[in-house]
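Asks: Residue numbers (the numbering used here): 19 to 149.
The beta carbon of each residue, even a glycine, is placed where N, CA and C say it ideally should be.
Note that the structure is predicted; figures quoted are calculated from it, not measured.
After the C-alpha cells below, expect a handful of questions from me.
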C-alpha cells in the first residue's frame with residue numbers, strides 16, 4: 019500500500035510538529051518552603067490518633083476483668099488474628115481488652131462477625147474521647 023504524496027507530507031508535518039513540541043517542552047522546578055513545626059505537628063497528630071485520643075471511632079471489647087485473664091485473652095487473640103491491633107486498657111479496678119479502632123460502625127460490625135467466632139462475648143463500643 020502506497021501513501022500518496024499529500025498524505026505523506028501531512029504525516030511528516032505532524033511528526034515534525036510533535037518532535038518540535040517535545041524538544042521545546044519546559045522543565046519546572048518547584049521549591050516548597052514550609053515551617054519545620056509542621057512535621058512535628060503531623061507526628062504529634064499521628065501519635066494522638068494511635069493512642070485513640072483524637073478518634074471518635076468504634077472499638078470491640080473482648081474482656082473486662084482481672085489482669086491475668088486480660089493477658090490470657092489478648093495473647094489468645096493475637097495468636098488468632100493479626101488484622102486489628104489489640105490493647106489492654108485499665109479502668110479502676112478492672113482491665114479491658116480492646117481490639118481495633120474503626121472509623122465507621124460498618125467496619126466494626128464486619129470485624130465483630132469474624133472475631134465472635136472465637137470470642138462470642140465480644141461486643142462493639144464507642145469509647146468516649148480521652149481528655
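Pick out the complete beta strand (DSSP E) segments inside the stretch 71 to 115, 3 residues or longer, and give them in chain order.
Replies: Segments of the beta strand (DSSP E) lying fully in the stretch 71 to 115: 76 to 83 and 104 to 109.
Asks: Less than 6 Å between C-beta atoms, sequence neighbours within five positions excluded: which residues of the same chain meet that for residue 107?
Replies: 114 and 116
Asks: Only counting the same chain, and skipping five residues up and downstream in sequence, which positions put a Cβ closer than 8 Å to that of residue 166?
Replies: For the chain, the structure presents residues 19 to 149; residue 166 sits outside this window and is missing.
Asks: Just the C-alpha distance for residue 144 and residue 125, rounded to the nearest angstrom, thanks.
Replies: 13 Å
Asks: Taking only three categories from DSSP, how would you classify residue 143?
Replies: strand
Asks: Can you name, in chain order, every residue of its own chain whose Cβ lies under 7 Å from the Cβ of residue 96, other than the five neighbours on each side?
Replies: Non-local beta-carbon contacts of residue 96 in its own chain, meaning distances under 7 Å to residues more than five positions away in sequence, involve 104 in chain order.
Asks: Across which residues does DSSP place residue 117 in a beta bridge pair?
Replies: 78 and 104
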